[in-house]
Amino acid sequence: MRVIVTGAAGFIGSSLTERLLALGHDVTGIDCLTDYYSPDMKRRNLELALAHPQFAFLSENLLDIDLSGLLTGCDVVFHQAAQAGVRASWGRDFETYTNNNVLATQRLLEAAKGSALKRFVFASSSSVYGDAEHIPVSEHEPLHPLSPYGVTKLAAENLCQLYHKNFGIPTVSLRYFTVFGPRQRPDMAFHKFIKALLRDEPIPVFGDGEQTRDFTFIDDAVEANILAMEKGGNGAIYNIGGGSRISLNRAIKLLESITGRKARRDQSSPQKGDVRHTWADTTRARTELSFVPRHDVREGLQKEYEWVNALYR
Ligand SMILES: NC(=O)c1ccc[n+]([C@@H]2O[C@H](COP(=O)([O-])OP(=O)(O)OC[C@H]3O[C@@H](n4cnc5c(N)ncnc54)[C@H](O)[C@@H]3O)[C@@H](O)[C@H]2O)c1
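Position 59, counted from 1, in the sequence shown is what the numbering used here calls 52; the numbers after and before it change by one each time, with no gaps.
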């Protein structure tokens, strides 16, 4: 297959790209290496893919290029590019979120209208739920994002639905629940925690640390994309969770045991936009995609620790 991965230099996009190449697909990666975090880190994410003969990389902004030309002859789009991060989405930076999350998605979908795409997989987020009334949360729960970021991911997901219903674009949206593992973004909790432990710096904890997350190991998130390409229902939406829901306090304990170091905490009040608990009901993904998460938090944290340790050595 000829596939396009947007956000190919990012955490999830680069990992997905490598898996697609290993499966024998021709991959074109697009990424404009935004400076939300170090572009050098993103270049490093791309190193393996760039050495692969079936990989082409376009260092371009989705808002600037001729997307129709790009989609000609393409079978599958994995749309991972976005301005990620909940906390930075308030205030002046919201424009970056609307541009990279909403407008870029709309441009891609417009271009997909005239193409022969077999699948358009969109990276959505558990943040579309906000503080869900019932957990584990299933796909038909009400959607009340708590952050501007969540609002933009929901808008983009709604656009996917619209373009599916009106123009038959075979969209599938995957609502990821906190993805972690090697290459995790430096603004995400585990990356920050491990880095702080290694440097004997205080760990920033917002609130009492009893908030829980359904953590999803990167390889499981990548596998969900492959399954969505192969078996996803047209217009379908799936929760993608790792089945390892733990509190931040528990995660810190695990990291103490992995690193052999004692955490010093820098406790502050909960951040606006952060939800209290996330927990995915993955029945639909299990039933329709045969999605089964295979990596637990301890094993995944060990791998992330090894990667972060090598990164900052
Ligand atoms: N990491 C998670 O836990 C998580 C959870 C839920 C949803 N998501 C979604 O998954 C996707 C990937 O997340 P990630 O953690 O890998 O983030 P990331 O920031 O590592 O990767 C996103 C990439 O998109 C690129 N990009 C942004 N705007 C672009 C544009 N206009 N044109 C070209 N490239 C652009 C960035 O340079 C970046 O490399 C995002 O859509 C995010 O919203 C991630």
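Ideal Cβ placement from N, Cα and C applies to all residues, glycine included. All figures in this text were calculated on a predicted structure; none of them were measured in a lab.
Query, Result
"Start-end ranges of the beta strand (DSSP E) lying completely within the stretch 153 to 220, minimum 3 residues", "164 to 169, 196 to 199 and 205 to 210"
"Where K246 falls, given that 16 or more other Cβ within 10 Å makes a residue buried", "exposed"
"Backbone secondary structure at L26 - three-state DSSP", "coil"
"L43, buried or exposed, once every other Cβ within 10 Å from all chains shown has been counted against 16", "exposed"
"Reference P129, options S237, G78 and P179, closest by Cα", "S237"
"Residue environment, C262, which counts as buried when at least 16 other CB atoms sit within 10 Å", "Just to set this straight, residue 262 is Ser in the shown sequence, not Cys. With fewer than 16 Cβ atoms within 10 Å of its Cβ, S262 is classed as exposed."
"Distance between beta carbons of F284 and A217, contact taken as under 8 angstroms", "5 angstroms"
"Coil, strand or helix - D33 by DSSP", "helix"
"Closest Cα partner of K188 within the set A303, S52 and T27", "A303"
"Start and end residues, alpha helix (DSSP H) containing F113", "Run containing F113: none in the alpha helix (DSSP H); it sits in the beta strand (DSSP E), R112 to S118."
"T65 (DSSP reduced to helix, strand or coil)", "coil"
"Beta bridge counterpart(s) of N232 as assigned by DSSP", "R168"
"G66 to E281 span [Cα, whole Å]", "28 angstroms"
"Any non-hydrogen atom of ligand 1 within 8 angstroms of Q204 CB", "no"
"Separation of R243 from K111, as counted between CA atoms", "42 angstroms"
"Local Cβ density within 10 Å of D213, reported as buried at 16 or more and exposed below that", "buried"
"Check: L55 C-beta below 8 angstroms from any heavy atom of ligand 1", "yes"
"For R238, three-class secondary structure by DSSP", "strand"
"Where F50 sits in the DSSP three-state scheme", "strand"
"Identity of the residues DSSP links to Q295 by a beta bridge", "Answer by DSSP bridge pairing: none, since Q295 is not bridged."
"Contact test: A104 Cβ vs ligand 1 heavy atom, cutoff 8 angstroms", "no"
"contact_flag[the stretch 85 to 100, the stretch 137 to 146] where n(CB pairs < 8 angstroms) is 3 or more", "yes"
"Outcome for E203 when other beta-carbon atoms lying within 10 angstroms are tallied against a minimum of 16", "exposed"
"Own chain partners of V165 with C-beta closer than 6 angstroms, once the 5 adjacent residues on each side are dropped", "V114, A221, G225 and A229"
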